[in-house]
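A.B. asks: Below you will find the structure I want to go over with you.
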Amino acid sequence: MGLGFDAASMNDVVREAGVSKSTLYVYFRSKEELFRALIECEREAYLAEVEALLTDPGDPADTLLRYGQRLARLVMSPEAMHAKRTVIAVAARMPEVGREFYRHGPQRGLALLSAYLEKACAAGTLEIPDVALAAAQFVELATAGILRRRFFDDEAPAISDDEMARVVASAVRLFMAGYGPRRA
Numbered sequence: 018m019g020l021g022f023d024a025a026s027m028n029d030v031v032r033e034a035g036v037s038k039s040t041l042y043v044y045f046r047s048k049e050e051l052f053r054a055l056i057e058c059e060r061e062a063y064l065a066e067v068e069a070l071l072t073d074p075g076d077p078a079d080t081l082l083r084y085g086q087r088l089a090r091l092v093m094s095p096e097a098m099h100a101k102r103t104v105i106a107v108a109a110r111m112p113e114v115g116r117e118f119y120r121h122g123p124q125r126g127l128a129l130l131s132a133y134l135e136k137a138c139a140a141g142t143l144e145i146p147d148v149a150l151a152a153a154q155f156v157e158l159a160t161a162g163i164l165r166r167r168f169f170d171d172e173a174p175a176i177s178d179d180e181m182a183r184v185v186a187s188a189v190r191l192f193m194a195g196y197g198p199r200r201a
């Protein structure tokens, strides 16, 4: 639609979707409810995919590489950037939207990664004293230098797959250097 959340009316949504207003209101009482549903749909698909990636505690370097690449692709996608910008734009007026977005998105993603890291520690393939901190560190490392630039400059050139792979591979190397099992 291109108008953005604040500028679009329910009439704009009805016109774009090709449905009647009464049909739309059967499912969504407000524009905010529609926005939440759209975010939830995207989030659930992503979290299901991520959960499937975080299964093998025996090879954390490979698992984290695959996870980091998926994470970087997601957070750099135009849809995710738009969703984050929209949530930030409306959070001052509707703080519950920001809290809900964080609690059900980034916080759940960190919980999934933390659970995986716990399993890897139990398997002896990682040694992490503070798993929650390590999960947050990995997310930051996997998007280092690429996320913020794109977040604040929508016209910044898209990052290439090669550059994204290089950033994520570097994140995994650094993470494993800090948290990989110690050799005697």
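Residue 36 in this note's numbering sits at position 19 of the sequence shown; the count goes up by one each step and never skips. For each residue, glycine too, the CB sits at the ideal point set by N, CA and C. These figures come from a predicted structure and were not determined experimentally.
For leucine 4, which residues in the same chain have their Cβ closer than 8 angstroms to its Cβ, ignoring the five residues on either side in sequence?
C.D. replies: Past the edges of the chain, shown from 18 to 201, lies residue 4, and the structure says nothing about it.
A.B. asks: Run through DSSP, which three-state label would threonine 80 get?
C.D. replies: Here threonine 80 sits in helix by DSSP.
A.B. asks: So, with DSSP's three-state summary, where would you put isoleucine 163?
C.D. replies: Coil at isoleucine 163, not helix or strand.
A.B. asks: Rounding to the nearest angstrom, what Cα-Cα distance links tyrosine 196 and leucine 158 in this structure?
C.D. replies: Cα to Cα, the separation comes out at about 14 angstroms.
A.B. asks: Counting C-beta neighbours from all protein chains within 10 Å, is the total for threonine 72 16 or more, i.e. buried, or is it exposed?
C.D. replies: Exposed, by the Cβ-count rule.
A.B. asks: Would you tell me roughly how many angstroms separate the C-alpha atoms of arginine 87 and serine 47, rounded to the nearest one?
C.D. replies: The straight-line gap from Cα to Cα measures roughly 32 angstroms.
A.B. asks: Looking at the structure shown, is threonine 174 part of a helix, part of a strand, or coil, going by DSSP?
C.D. replies: According to the sequence as given, residue 174 is proline; it is not threonine. Coil, per DSSP.
A.B. asks: Looking at the secondary structure, which residues open and close the alpha helix (DSSP H) in which leucine 130 lies?
C.D. replies: Residues 123-139.
A.B. asks: Candidates Val114, Pro95, Glu57: which alpha carbon is nearest phenylalanine 169's?
C.D. replies: The option with the nearest alpha carbon to phenylalanine 169 is Pro95.
A.B. asks: Can you give me the Cβ contacts of leucine 81 inside the same chain, cut-off strictly under 6 angstroms, excluding the 5 residues immediately before and after it?
C.D. replies: Counting only Cβ-Cβ distances below 6 angstroms, and skipping sequence neighbours, we find Val189.
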